[in-house]
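Residue numbers (the numbering used here): 2 to 316.
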């Protein structure tokens, strides 16, 4: 079974690591995972490209060819270059050791050229060959050129709207699959709906604010997306519960909340009506978590600034 590697941004590292694991388990529940700091090695039948296209915080990814005890490369290991015309070598040093990286990359390039007909090309090569150093073990791997996914467009934004990367991570952490339907009962400008549809997941948005519904519809239209928008209160969840598989939302707070009810009351009501056996990821102010002692599978704290920390709860 192939081994894939993912090098993650160190921003929100725990959340980023769990997102990759959740995606892997969503596609293949028998995946085997090894974590070395921000390097995640996953043995799975799922191709690394499929996971990378959905993940929020992946910087570099590819397939492991073999573990390395030294700089030993041979024709068997470099079979991946058989049909490639161009390649580049990259050293990723996650260890405490110091290396002359540019010299190592040149040496690797010279060595690989002896076993293949491919030529070194620094920009946009067919294949990138990686040597990854860690304090525990070293790995030799590669990645192919993949088409970069277009990020959903927004013609209208809002100051307090949910960050798209965190939205995407919440959808993935909830375990949503392509073809399923996610509901955002506080959809605002439609961030959850846009990110869901960009990953092949259907979406339904609710918002009691008619203006926000109009903005969501406008943002969906410019991307050619078809999510349903309902101008209604979040408690409508109960009536449409058979129409969706999961809930992903950011509870309104401060100026972004135009309801007369305070966020604590909204949160209590929201959790009291949550349909059973649904996948759930919800974000809210940390101070509410301290008051209500909400329980779930996992919580993450997202620091925004000194007066605002958010909690993501996965149920």
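Think of the CB as a built atom: it goes at the ideal place given N, C-alpha and C, for glycine as much as any other residue.
For clarity, every value in this text was computed on a predicted model and none was experimentally measured.
**Prompt:** When you compare each of 184, 56, 174 to residue 231 by their alpha carbons, which one comes out closest?
**Reply:** With distances taken between Cα atoms, residue 231 lies closest to 184.
**Message:** According to DSSP, residue 43 sits in a beta bridge with which residue or residues?
**Reply:** 5, 34, per the DSSP bridge assignment.
**Message:** Do residue 92 and residue 106 have their beta-carbon atoms positioned less than 8 Å apart in this structure?
**Reply:** Their beta carbons are under 8 Å apart, which means residue 106 touches residue 92 by this criterion.
**Item:** According to DSSP, residues forming a beta bridge with residue 203
**Value:** Per DSSP, the beta bridge partners of residue 203 are 182.
**At least 3 beta-carbon pairs within less than 8 Å: the region 185 to 201 vs the region 121 to 131** = Per the Cβ contact rule, the region 185 to 201 is not in contact with the region 121 to 131 (fewer than 3 Cβ pairs under 8 Å).
**Asked** For residue 195 versus residue 153, is the C-beta distance shorter than 8 Å?
**Response** Pairing residue 195 with residue 153 gives a Cβ-Cβ distance under 8 Å.
**Message:** Quick check on DSSP: helix, strand or coil for residue 214?
**Reply:** Look at residue 214 here: in three-state DSSP terms it is helix.
**Message:** Looking at the secondary structure, which residues open and close the beta strand (DSSP E) in which residue 150 lies?
**Reply:** Neither: residue 150 is in no beta strand (DSSP E) and is coded neither H nor E.
**Nonlocal neighbours in the same chain, by C-beta distance under 7 Å from residue 175, ignoring five residues either side** = Contacts found: 247, 249, 280, 281, 282, 315.
**Message:** Does any residue of chain B have a CB that is nearer than 8 Å to the CB of residue 34?
**Reply:** The structure shown contains no chain B; it is built from a single protein chain.
**Prompt:** Where does the unbroken alpha helix (DSSP H) through residue 108 begin, and where does it stop?
**Reply:** First-last of the alpha helix (DSSP H) with residue 108: 102 to 116.
**Asked** On the three-state DSSP scale, how would you describe residue 272?
**Response** Correct three-state label for residue 272: helix.
**Request:** Label residue 255 either buried or exposed according to how many other C-beta atoms from any shown protein chain fall within 10 Å of its C-beta, with 16 as the threshold for buried.
**Result:** Since pLDDT at residue 255 reaches only 49, below the 50 mark, its modelled position is unreliable, and the value read off the structure follows with that caveat. That one is exposed.
**Prompt:** Where residue 117 and residue 142 are concerned, what is the direct C-alpha to C-alpha distance, given to the nearest angstrom?
**Reply:** C-alpha separation (whole angstroms): 16 Å.
**Message:** Using C-beta distances below 6 Å, list every residue in its chain close to residue 96, excluding the 5 sequence neighbours before and after it, in chain order.
**Reply:** The answer, listed in chain order, is 134, 135, 136.
**Request:** Within the same chain, show all residues whose beta-carbon is closer than 6 Å to that of residue 62, passing over the 5 residues directly before and after it, in chain order.
**Result:** The residues are 7, 49, 53.
**Prompt:** Taking the alpha carbon of residue 122 as the point to measure from, which residue in 138, 147, 86, 37 has its own alpha carbon closest?
**Reply:** The residue from 138, 147, 86, 37 with its alpha-carbon nearest to that of residue 122 is 86.
**Asked** What do you get for residue 81, buried or exposed, if any count of 16 or more other CB atoms within 10 angstroms of its CB means buried?
**Response** A buried status is given to residue 81, since no fewer than 16 other beta-carbon atoms sit within 10 Å of its beta-carbon.
**Request:** Return the CA-CA distance between residue 9 and residue 312, expressed in angstroms with no decimal places.
**Result:** The straight-line gap from Cα to Cα measures roughly 21 Å.
**Asked** For the alpha helix (DSSP H) that contains residue 289, what are its first and last residues?
**Response** Element bounds for residue 289: 287 to 293.
**Among 286, 166, 297, nearest to residue 306 - alpha-carbon criterion** = Considering only alpha carbons, the answer is 286.
**Request:** Report all residues from its chain with a CB closer than 6 Å to the CB of residue 147; omit the five preceding and five following residues, and keep chain order.
**Result:** The beta carbon of residue 147 sits closer than 6 Å to those of 50, all from its chain and outside the five residues before and after it, given in chain order.
**Message:** Only counting the same chain, and skipping five residues up and downstream in sequence, which positions put a Cβ closer than 8 Å to that of residue 275?
**Reply:** If we look at residue 275 and ignore the five residues flanking it on each side, its Cβ neighbours are 238, 248, 281, 316.
**Item:** For residue 256, three-class secondary structure by DSSP
**Value:** Residue confidence for residue 256 is low, a pLDDT of 45 falling below 50, so the modelled location carries little weight; the figure read from the coordinates is stated next. Looking at residue 256 - three-state DSSP - the assignment turns out to be helix.
**Request:** Measure the Cβ-Cβ separation of residue 109 and residue 44 and say whether it is below 8 Å.
**Result:** Not a contact, by the Cβ cut-off of 8 Å.
**Asked** Taking just the CA atoms, how far does residue 264 sit from residue 253?
**Response** Computed Cα separation, rounded: 7 Å.
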